[in-house]
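Enquirer: So the sequences go chain by chain: W and B. Residue numbers for the first sequence follow the numbering used here, beginning at 1389 and rising by one. Residue numbers for the second sequence follow the numbering used here, beginning at 107 and rising by one.
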Amino acid sequence: MATQPTAISDWLVVLPLLLCLAGAALLLVVRDRGRAQGWVAFALVAVVSVSDGALFERVLSLGPMSMTMGKWLPPFGISFTVDVLGAGLATIAALVTAAVVLALLLDADEAASQQGLYSLVMLLLAGVTGAFLTGDLFNLYVWFEVMLMASFGLVVIRGEPLQLDAAVKYAVPNMLATLLFLAALGLLYGTLGTLNMADIVGAAQHADPALLLAIAGLFVLAFGMKAAVFPVNAWLPASYHAPPAAISALLGALLTKVGLYAALRLLLMLLPEARSGLSTVLLVLAALTATIGPLSAMAETNLRRAIGFLLIGGVGVAFLALADTNVGTASGAVLYIVHAMLTFGALYLLAGVIERAAGSADTREMGGLYGTSSWLSILFFLLLLAVAGVPPLLGFWPKLLLLEGFVSAGDWIAVFALLINGLLTLIAAARLWSFVFWRPRSEPPERPRGTAPAVLLIGVIVLTGLSPNLLVRAANVAAADLLHPARYIAAVGLAP
Amino acid sequence: MIEPAFVLLTGLFAAAGIYLILSRALIRMVIGVVLLGNAVNLLIFVAGRLSRGAPPILPGSGSVRAADIVNPLPQALILTAIVIGFAMFAFLAALALRAYQQMDADDTDHMRLTEPDHQPQPPLEY
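What follows is the structure, given as structure tokens:
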């Protein structure tokens, strides 16, 4: 099938990416147009979300699609292979980016937008979308670098000392992680002689298991650093609170999730044997991450740093699925990534609103916001419940799937880690809410403004929480394709 | 056989890179990242075999011995990685310079803006 030129309708596979890259260039051209630029960016991201959504719908109904560039047939050419997992996550990423662009518009930072703020946001989305849609390991590395470069620019865009400091702590570990990823993929290529993901699945079955185990360990370290898994998580709380809140939201919602996605793809689909060899290590790391995250959040006085620690706890929850894999836990992890993207995006956006109203980022100096705006307190409360996984919000369903999977597999350590994470997160979240809204404060805070982008995301969280059927079904399909990738391989045009 | 020499060189580069990254001075860390990047590039280079036997082109008739030719794909991969690594180095160098100018510090021990030294406790009552 790959010998035929790709049908025009199948170009949908690369359309979101083309739109992102062309949009970034266009935004650079119109960077002096003030607010108009922001609206152009919003329209572009909206179009990207629609094309992502169309791709998702098609993949969900017809199965994975693939497109190989140039006249180099797979496994030699670079393939873009889209399954439900990739298309779904790309759609959610574009949705979150739309809310973030809206928040940046309301912020109206003239100087930053002249320096290419919206272009960088578009490039970041391009990197994330590319990473979700590609079917080639080296291409995945390239998209990681695109994403990294754009995020560097976004962290330092204001150029204040705080942001430079954050950029140092963000840049060095993340570059190190990408280098480890590159080394691991070089070793994998040396062992298997192929970089096409569909081809690796078959080739890995005949390779030396000990060698693959070592390479998989290197991949775990690289993606663990990207996803902020304990003990290589210290860079995240040191950097995510420094840039403007809308940018924190973008980084917090997208970047660690790409690390998680790559870990799922590599360990569940490409190297399943090596994963089961590493499962004890993965279980210990995931359980520690899931407990230490919320515990650190309790001891934190900076609002956005505390949210960063809650985010790390969530990464641990999703990582638990790597330790003990069956269709139930894998679909739970996939759904958790979706939930975390939406929830942490909204949480960082609301944190920005709160910090502006309180005039401080320190939870000890906040308080009294409940009297000024009970509406804001309800929104924030809803999000904190979603993070902890309280029904009927979206956060509940992935935890239910994970719990079901662990119980059916009899993995009680994972069950315990999951429940402890929920409890600690709830305590940390409740404390955070009381500090921000309930504590007395002498002079009343300003009226909060600009909740609209967060409300958009919270609307999605509540609606999908109330009727999760579509998302759960899609997550089940995504998990089944990860664990039994015959459809994926057939779509690329290789023999399974 | 030149491969073992390259393998040793790769290890040397990686060791030097990691040693420098562990330093407190920002400029050393930047150089360490570059060295480590080059170690990884060398690693991929060696993975494609090193030989001067024959160009990796199949003649119209007949065949070439696999041991004579070098896999050209890793070289293409490194080319991409070198370009990306160069851009990253440019960013890191600029960042190190700005950090030095704005915070008057090349020592990461003195960069405590995002994580203050004596972090206060959160309030104990509501």
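Glycine included, each C-beta is placed from N, C-alpha and C at the ideal position.
1. Output yes if chain W places a C-beta closer than 8 Å to the C-beta of I190 (chain B); else output no.
2. Going along the chain, which unbroken runs of the beta strand (DSSP E) with 3 or more residues stay wholly within the stretch 1566 to 1601 of chain W?
3. DSSP state of V1470 (chain W), grouped into three classes?
4. Can you tell me whether DSSP reads S1449 (chain W) as helix, strand or coil?
5. Give me the chain D residues within the contact set of Y1736 (chain W), using Cβ-Cβ distance strictly less than 7 Å, ordered along the chain.
6. Out of W:L1708, W:L1788, W:L1730, state which residue places its alpha-carbon closest to the alpha-carbon of G1612 (chain W).
7. May I ask you to list the residues that DSSP assigns as paired with S1454 (chain W)?
8. Output the distance between the C-alpha atoms of L1888 (chain W) and Q208 (chain B), rounded to the nearest integer angstrom.
9. At the level of alpha carbons, what is the spacing between G1523 (chain W) and I124 (chain B)?
10. Check for me: the alpha helix (DSSP H) holding K1459 (chain W) runs from which residue to which?
11. Going by the beta-carbon positions, is the gap between G1755 (chain W) and P1828 (chain W) smaller than 8 Å?
12. Run the CB neighbour count on F1551 (chain W), radius 10 Å, all protein chains shown included, and call it buried at 16 or more, exposed below.
13. I'd like to check one pair, V140 (chain B) with I127 (chain B): are the Cβ atoms closer than 8 Å?
14. Against chain W, which members of the stretch 138 to 169 of chain B pass a CB distance test of less than 7 Å?
15. Answer yes if the stretch 1584 to 1598 of chain W comes into contact with the stretch 1620 to 1635 of chain W, meaning at least three C-beta pairs across the two stretches below 8 Å, and no otherwise.
16. Between the C-alpha atoms of H1594 (chain W) and K1645 (chain W), what's the straight-line distance to the nearest angstrom?
17. If you draw a straight line from the C-alpha of P110 (chain B) to the C-alpha of A172 (chain B), how long is it?
18. Just how far apart, CA to CA, sit M1389 (chain W) and G1881 (chain W)?
19. Do P1780 (chain W) and G1838 (chain W) have their beta-carbon atoms positioned less than 8 Å apart in this structure?
20. I want to verify the contact list: residues of chain W whose CB lies under 7 Å from the CB of Q208 (chain B), in sequence order.
21. In this structure, does DSSP put D1495 (chain W) in helix, strand or coil?
22. Cutting at 6 Å between CB atoms, please list the residues of its own chain near K1557 (chain W), excluding the five before and the five after it.
23. For F192 (chain B), count neighbouring C-beta atoms within 10 Å of its own C-beta (all shown protein chains included) and say buried if the count is 16 or more, exposed if not.
24. Going by beta-carbon coordinates alone, are A1637 (chain W) and V1488 (chain W) separated by less than 8 Å?
25. Taking a cut of 7 Å between CB atoms, which residues from the stretch 1523 to 1543 of chain W lie near chain B?
26. Tell me whether the stretch 1452 to 1467 of chain W and the stretch 1418 to 1429 of chain W touch, counting them as touching only if at least three CB pairs, one residue from each stretch, are closer than 8 Å.
27. Name the DSSP bridge partner or partners of T1522 (chain W)?
28. Given A1749 (chain W), which residues of its chain have a CB within under 8 Å of its CB, disregarding the five upstream and five downstream residues?
29. Tell me which same chain residues have a C-beta within less than 6 Å of the C-beta of F1520 (chain W), skipping the five on either side of it?
30. Judging by CA-CA distance, which residue of W:L1525, W:V1617, W:T1582 is the nearest neighbour of P1561 (chain W)?
31. Let me confirm a value: A121 (chain B) is counted as buried when at least 16 other C-beta atoms fall within 10 Å, else exposed. Which label applies?
32. With burial defined as no fewer than 16 other Cβ atoms inside 10 Å of the residue's Cβ, what is the status of E1831 (chain W): buried or exposed?
33. When the Cα atoms are used, what is the spatial distance from L114 (chain B) to D1497 (chain W)?
34. Can you check whether the CB of F112 (chain B) is closer than 8 Å to the CB of F1540 (chain W)?
35. For N1562 (chain W), does the three-state DSSP call read helix, strand or coil?
36. By the three-class DSSP mapping on this structure, what secondary structure does D215 (chain B) have?
Expert: Quick answer:
1. Within the second sequence, residue 190 (chain B) is the residue found at index 84, counting from 1. So yes, I190 (chain B) belongs to the interface.
2. none
3. Walking along the first sequence from the start, residue 1470 (chain W) turns up at place 82. V1470 (chain W): strand per DSSP, three-state reduction.
4. To locate residue 1449 (chain W), count along the first sequence from 1; it is residue 61. Residue state, collapsed to three classes: helix.
5. Going by chain labels, chain D is absent from the structure shown, which instead holds the protein chains W and B.
6. Mapped onto the first sequence, residue 1612 (chain W) falls at position 224. Nearest option by C-alpha distance: W:L1708.
7. The residue given as residue 1454 (chain W) occupies position 66 in the first sequence. DSSP output for S1454 (chain W) lists W:T1469 as bridge partner(s).
8. Since the first residue of chain W shown is 1389 and the last is 1884, residue 1888 (chain W) is not available in this structure.
9. For the purposes of this step, residue 1523 (chain W) is identified with residue 135 of the first sequence, where counting begins at 1. For the purposes of this step, residue 124 (chain B) is identified with residue 18 of the second sequence, where counting begins at 1. Spanning the two alpha carbons is a distance of roughly 31 Å.
10. Here residue 1459 (chain W) refers to the residue found at position 71 of the first sequence. Premise fails: K1459 (chain W) is in no alpha helix (DSSP H) and is neither H nor E.
11. Counted from its first residue, the first sequence places residue 1755 (chain W) at position 367. Counted from its first residue, the first sequence places residue 1828 (chain W) at position 440. Yes; because the gap between Cβ atoms is below 8 Å, this pair is in contact.
12. Counting from 1 along the first sequence, the entry for residue 1551 (chain W) is found at position 163. The sequence as given places Gln at residue 1551 (chain W); Phe does not occur at that position. Buried is the call here.
13. Here the question's residue 127 (chain B) lines up with position 21 in the second sequence. Here the question's residue 140 (chain B) lines up with position 34 in the second sequence. No. Outside cutoff.
14. V139, L142, G143, V146, L149, I150, A153
15. no
16. For the purposes of this step, residue 1594 (chain W) is taken as the residue at position 206 of the first sequence. For the purposes of this step, residue 1645 (chain W) is taken as the residue at position 257 of the first sequence. Approximately 31 Å, taken between the alpha carbons.
17. For this step, residue 110 (chain B) is matched to residue 4 along the second sequence. For this step, residue 172 (chain B) is matched to residue 66 along the second sequence. When rounded, the distance between both Cα atoms is 19 Å.
18. For this step, residue 1389 (chain W) is matched to residue 1 along the first sequence. For this step, residue 1881 (chain W) is matched to residue 493 along the first sequence. Residue confidence for M1389 (chain W) is low, a pLDDT of 46 falling below 50, so the modelled location carries little weight and cannot support an answer.
19. Here residue 1838 (chain W) is taken as the residue at index 450 of the first sequence, counted from 1. Here residue 1780 (chain W) is taken as the residue at index 392 of the first sequence, counted from 1. Contact: no.
20. For the purposes of this step, residue 208 (chain B) is identified with residue 102 of the second sequence, where counting begins at 1. Result: P1549, L1552.
21. Your numbering for residue 1495 (chain W) matches position 107 in the first sequence. Helix, per DSSP.
22. The residue labelled residue 1557 (chain W) in the question sits at position 169 within the first sequence. The residues are W1623, A1626, S1627.
23. If you number the second sequence from 1, residue 192 (chain B) lands on position 86. F192 (chain B) comes out exposed.
24. Within the first sequence, residue 1637 (chain W) is the residue found at index 249, counting from 1. Within the first sequence, residue 1488 (chain W) is the residue found at index 100, counting from 1. Result yes, Cβ atoms of A1637 (chain W) and V1488 (chain W) sit closer than 8 Å.
25. F1526, V1530, E1533, M1537, F1540
26. no
27. Walking along the first sequence from the start, residue 1522 (chain W) turns up at place 134. In DSSP, T1522 (chain W) forms a bridge with W:F1468.
28. Here residue 1749 (chain W) is taken as the residue at index 361 of the first sequence, counted from 1. Once the five neighbours on either side are set aside, the close Cβ partners of A1749 (chain W) are H1629, N1690, L1691, R1692, E1743.
29. Here residue 1520 (chain W) refers to the residue found at position 132 when the first sequence is read from its first residue. Cβ within range, chain order: G1474, L1477, A1478.
30. Numbered from its first residue, the first sequence carries residue 1561 (chain W) at position 173. Nearest C-alpha to P1561 (chain W): W:V1617.
31. Within the second sequence, residue 121 (chain B) is the residue found at index 15, counting from 1. The residue is exposed, with fewer than 16 neighbouring Cβ atoms inside 10 Å.
32. Looking up residue 1831 (chain W) in the first sequence gives position 443. Exposed: under 16 other Cβ atoms inside 10 Å.
33. The sequence position of residue 114 (chain B) within the second sequence is 8, counting from 1. The sequence position of residue 1497 (chain W) within the first sequence is 109, counting from 1. Using only the alpha carbons, I get a separation of about 51 Å.
34. By one-based count along the first sequence, residue 1540 (chain W) stands at place 152. By one-based count along the second sequence, residue 112 (chain B) stands at place 6. No; because the gap between Cβ atoms is not below 8 Å, this pair is not in contact.
35. Reading the first sequence from its first residue, position 174 is the one you call residue 1562 (chain W). Looking at N1562 (chain W) - three-state DSSP - the assignment turns out to be helix.
36. Position 109 of the second sequence, counting from 1, holds the residue named residue 215 (chain B). Reduced to three states, the DSSP call for D215 (chain B) is helix.
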